[in-house]
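S.K.:
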Amino acid sequence: MLHPAPKSFTHIMVMAVIFCLFYRVAVPLEAAPSSNILAGRVIVIDPGHGGDDPGTVGCHGIVEKDVAMEISRRVADVFRRTGARVVLTRDGDRETAGPGESGGERIEAHDLARRVELANKCGAHLFLSIHLNHFSEPDEYGAQVFYQTGSQESRKLAEAIQAELNKNLVDSGRQALAGDFYVCRNSRMPAVIVEVGFLSHERESRQLTDPAYQERAARAILQGVVNYFQGDRGEVKQHG
């Protein structure tokens, strides 16, 4: 995994806001005739964990923060090719908590708050947080999407992405689930957490590090988002 030189969160925030206001992309995604529905929309992609927070560690020592970053970059790439404007909450192996912030729980709280702050300041249309799952029972497998209880737009987004992940990856029969999540609760736009698979599952953990499988996952997420917007007649919806 590439690890770009670290930048301050303030610098990333300023650049992201400028990017959201002025940048335009006009490269079509091959074999996706409806993808222009995303042109000009701001999509925030949030690679889970980073820096001193590794997330879960699965089979063969595979670390969540690394795989989440790899998949997020692929998700960002397929969205950019539709004309969407993409912002990543982190661009390397680090959390977004600022210098001088210490203490595990405190760092995590600041990290999550800064991710949400970035999305809200960008005026993002969607917030997609990319994670990997882990369970004590090694037979558990499959992608699953989570959304904030009570948010109907987030529920529709989660269900659209879940359907495409089930169709294009291993269909475990999982359904989108509601819960209480800081990044979803505090985002002023439809927001979901995409757990792409289980690092605790022997076979799936290997698949999740495979570039071709990551690309399939990225395209499934993209198609789910396209389906979500098509279901809403292409209207951009935000909630607060």
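Residue numbers for the sequence shown follow full-length UniProt numbering, so the first one is 1 and each next one is one higher. From the three backbone atoms N, C-alpha and C, an ideal C-beta is built for every residue, glycine too.
Kindly indicate the opening and closing residues of the alpha helix (DSSP H) around residue 212.
M.R.: 211-231
S.K.: May I have a chain-ordered list of the beta strand (DSSP E) segments no shorter than 3 residues that lie completely inside the UniProt domain "MurNAc-LAA" (116-226)?
M.R.: Look at the UniProt domain "MurNAc-LAA" (116-226) and you find these whole runs of beta strand (DSSP E), each 3 residues long or longer: 126-133, 144-148, 177-179, 191-198.
S.K.: Quick one: what does DSSP say residue 9 is sitting in, helix, strand or coil?
M.R.: A caution first: residue 9 carries a pLDDT of 46, below 50, which makes its placement in the model too unreliable to give a value.
S.K.: In whole angstroms, give me the CA-to-CA distance for residue 154 and residue 161.
M.R.: Cα-Cα distance, rounded: 11 angstroms.
S.K.: Once DSSP output is grouped into helix, strand and coil, what is the label at residue 74?
M.R.: helix
S.K.: In whole angstroms, what separates the C-alpha of residue 70 from that of residue 150?
M.R.: 31 angstroms
S.K.: For residue 146, which residues of its own chain have a beta-carbon under 6 angstroms away from its beta-carbon, when the five flanking residues on both sides are left out?
M.R.: 177, 179, 193
S.K.: First and last residue of the beta strand (DSSP E) that includes residue 88?
M.R.: 85-88
S.K.: On a Cα-Cα basis, can you pick out the residue from 222, 208, 225 that is closest to residue 65?
M.R.: 208
S.K.: Using beta-carbon positions only, say whether residue 131 and residue 55 come within less than 8 angstroms of one another.
M.R.: Going by beta carbons, residue 131 and residue 55 fall inside the 8 angstroms limit.
S.K.: Just mark residue 124 as buried or exposed, buried being the case when its beta carbon has 16 or more other beta carbons within 10 Å.
M.R.: So residue 124 counts as buried.
S.K.: Going by beta carbon distance, what residues of the same chain come within less than 7 angstroms of residue 40, once the five residues before and after it are set aside?
M.R.: 83, 85
S.K.: Tell me the rounded alpha-carbon separation between residue 204 and residue 58.
M.R.: 10 angstroms
S.K.: Is the separation between the beta-carbon of residue 87 and that of residue 128 shorter than 8 angstroms?
M.R.: no
S.K.: Mind reading off the beta-carbon distance from residue 220 to residue 157? Whole number of angstroms is fine, and I expect it under 8 angstroms.
M.R.: Actually they do not touch by this definition, with Cβ atoms about 14 angstroms apart.
S.K.: So the beta strand (DSSP E) residue 46 belongs to, where does it begin and stop?
M.R.: 42-47
S.K.: Taking all protein chains shown into account, do 16 or more other C-beta atoms lie within 10 angstroms of the C-beta of residue 136, making it buried, or fewer, making it exposed?
M.R.: exposed
S.K.: With DSSP as the reference, label residue 111 as helix, strand or coil.
M.R.: helix
S.K.: Where DSSP assigns a beta bridge to residue 50, which residues make up the other side?
M.R.: Its beta-bridge partners are 53.
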